[in-house]
Amino acid sequence: MAALEIELVPCLRDNYAYLVHDPDQGLTAIVDPSEPDPVRKALTARGRKLTHILNTHHHFDHTGGNIPLKEEFGATVVGPAKDRDRIPGIDVGVDEETNWTFGRREVLVLEIPAHTRAHIAFVVDDAAFTGDTLFAMGCGRLFEGTPAMMWSSLSKLMRLSDSTRIFCGHEYTLNNGRFALTLEPQNEDLLVRMRDVEAARARNAPTIPTT
Ligand code: ZN
Ligand code: FE
0 MAALEIELVP
10 CLRDNYAYLV
20 HDPDQGLTAI
30 VDPSEPDPVR
40 KALTARGRKL
50 THILNTHHHF
60 DHTGGNIPLK
70 EEFGATVVGP
80 AKDRDRIPGI
90 DVGVDEETNW
100 TFGRREVLVL
110 EIPAHTRAHI
120 AFVVDDAAFT
130 GDTLFAMGCG
140 RLFEGTPAMM
150 WSSLSKLMRL
160 SDSTRIFCGH
170 EYTLNNGRFA
180 LTLEPQNEDL
190 LVRMRDVEAA
200 RARNAPTIPT
210 T
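Position 63 of the sequence shown, counted from 1, bears residue number 62 in numbering that gives the first Met the number 0, the numbering being contiguous throughout.
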């Protein structure tokens, strides 16, 4: 199988949607489309038609593009089964019991609640789409869950292979790292990492994916 092609699509102020293309099957998914326009532009630039829309959770900055993109392309909307009522245009609800496949690829769905009560991650090949649960050097806010719930969700993600590439919902790395430095100002690894992060952000480059 050819490798998946994954492209970052910056949306709104600091969101990332991800265009995921399977060259074998000619499928193209967008993960967490905040808004339709940047997604349309990315599709046009590559000459691709959208076949799937994947949502990690119901928040508007992750689903705002669902309806317009579904209407335009007839794409299938896949999202958390336990949050069907809050995912615009949902066609396929998935959870840890579902065996959902993207083309010939098995997609591991992890239930990782706390940011929202039905938040999920999609794991395909070496890529994990973690939405607003896990960011680079941080985690999402607890809107609908408890710290214990977030801990168990993060622990679930920790069990993935160390080489898993993390594609998260926002470019929050700089702020997360600054907060980490208030706790561990002498941490050498963190200081080195932050030099890279600051350089990347200074030239407006993404810090995602991370591991
Ligand atoms: Zn969110
Ligand atoms: Fe978000």
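Don't be surprised by glycine CBs; every beta carbon is placed ideally from N, CA and C. Because the structure is a prediction, the values reported are computed rather than measured.
query: Segment contact, 8 Å Cβ cut-off, at least three pairs: the region 15-25 with the region 78-90; result: no
query: Range of the contiguous alpha helix (DSSP H) that encloses G46; result: Segment: none, G46 is in no alpha helix (DSSP H) and carries neither H nor E.
query: Range of the contiguous beta strand (DSSP E) that encloses A120; result: 119-123
query: Neighbour-count burial assignment, G46, 16 or more Cβ in a 10 Å radius; result: exposed
query: Straight-line Cα distance separating H169 from N175; result: 11 Å
query: Residue span of the beta strand (DSSP E) that contains H20, given as start and end; result: 14-21
query: C-beta atoms of G64 and S33 nearer than 8 Å; result: yes
query: Rounded straight-line distance, which links the Cα of H118 to that of C138; result: 13 Å
query: Which listed residue (E4, L107, R140, M148) has its alpha carbon closest to that of D21; result: E4
query: The ligand ZN heavy atom lying under 7 Å from the CB of D131; result: yes
query: Host beta strand (DSSP E) of P9 (start-end); result: 4-10
query: Contact belief for I86 with A127 at Cβ below 8 Å, rounded distance in angstroms; result: I86 to A127, Cβ: 20 Å. No contact.
query: Cut-off 6 Å between Cβ atoms - residues of its own chain near I89, not counting five sequence neighbours on either side; result: V76, G78, R83
query: Unbroken beta strand (DSSP E) run spanning P208, endpoints; result: Here P208 belongs to no beta strand (DSSP E), and DSSP marks it neither H nor E.
query: Status (buried if at least 16 other CB within 10 Å, exposed otherwise) for W144; result: The question names Trp, yet the displayed sequence has Gly at residue 144. Flag for G144 reads buried.
query: For A179, the first and last residue of its enclosing beta strand (DSSP E); result: Looking at the DSSP string, A179 is not in any beta strand (DSSP E); the run it does join, the alpha helix (DSSP H), is 172-182.
query: The region 144-158 in contact with the region 95-114 per 3-pair CB rule at 8 Å; result: yes
query: Cα-Cα separation, H61 to E70; result: 17 Å
query: Beta carbon of T55 nearer than 8 Å to that of T27; result: no
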